[in-house]
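Residue numbers (full-length UniProt numbering): 1 to 182.
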């Protein structure tokens, strides 16, 4: 249902803002694009696909390091995280919303100093994480976010092991571990 609604609204917005924007200044066009992004985020929130918390609620829920990494896109120091060397069997979840993100079966030692996984879990054949381009710090990387709450998790690189050859380099503080035994 949400997918059909999004497609319909995309078509309507394209008809009402894209064509007229060709006649507008670049500043006005940019404002329209920003309004569209805000609208789509609101649509995602209203359909229950994204966890909505205020900044104050996130600060109350997370410790300062978790808040810095997950909400401000920070990074914990290498080899400092509690899950870097962990070998337990279970599922790594988002510390912010509890969504299952990575299986311990895909965890490997990359030598990078952060927990590394070669694949994320899937829900209805769709990855539970989303990847976006990150151009911060003078580099171009792919940022990994929790699809459910937009929490910053880390980055993904294409130097991992088979079968995916991906390395999801994830901050320990962005995760919590749920053991198979639980």
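Note that CB positions come from ideal geometry on N, CA and C, so glycine has one too.
*Would DSSP call residue 183 helix, strand or coil?*
One cannot answer for residue 183 here, as it falls past the ends of the chain, which runs 1 to 182.
_Rounding to the nearest angstrom, what Cα-Cα distance links residue 88 and residue 170 in this structure?_
Taking the CA atoms as reference points, residue 88 sits about 17 Å from residue 170.
*Alpha carbon to alpha carbon, how far is residue 129 from residue 159? Give it in angstroms, no decimals.*
Going from the Cα of residue 159 to the Cα of residue 129 covers about 18 Å.
*Whole angstroms is fine: what's the gap from residue 84's alpha carbon to residue 179's?*
Distance between the alpha carbons of residue 84 and residue 179 is about 16 Å.
*How big is the Cα-Cα spacing for residue 157 and residue 142?*
Here the alpha carbons of residue 142 and residue 157 stand approximately 7 Å from one another.
*Do the CB positions of residue 90 and residue 177 come within less than 7 Å of each other?*
Taking 7 Å as the Cβ cut-off, residue 90 and residue 177 qualify as a contacting pair.
*Name the residue from 115, 132 and 148 whose alpha carbon lies nearest to the alpha carbon of residue 122.*
Taking only the C-alpha atoms, the option nearest residue 122 is 148.
*From this set, 137, 131, 161 and 162, which residue's C-alpha is nearest residue 152's C-alpha?*
Answer by Cα proximity: 131.
*How many Å lie between residue 59 and residue 116 at the Cα?*
If you take the alpha carbons of residue 59 and residue 116, they lie about 26 Å apart.
*In the DSSP assignment, what residue or residues form a beta bridge with residue 92?*
BP columns for residue 92 point to 102 and 177.
*Exposed or buried, what is residue 105 when buried is set at 16 or more other beta-carbons lying within 10 Å of its beta-carbon?*
By the neighbour-count definition (other C-beta atoms within 10 Å, threshold 16), residue 105 is an exposed residue.
_Span of the alpha helix (DSSP H), counted from its first residue to its last, around residue 71_ = Looking at the DSSP string, the run of the alpha helix (DSSP H) that includes residue 71 is 64–72.
*6 Å CB neighbourhood of residue 187 in its chain, flanking five on each side removed*: The first residue shown for the chain is 1 and the last is 182, placing residue 187 beyond what the model contains.
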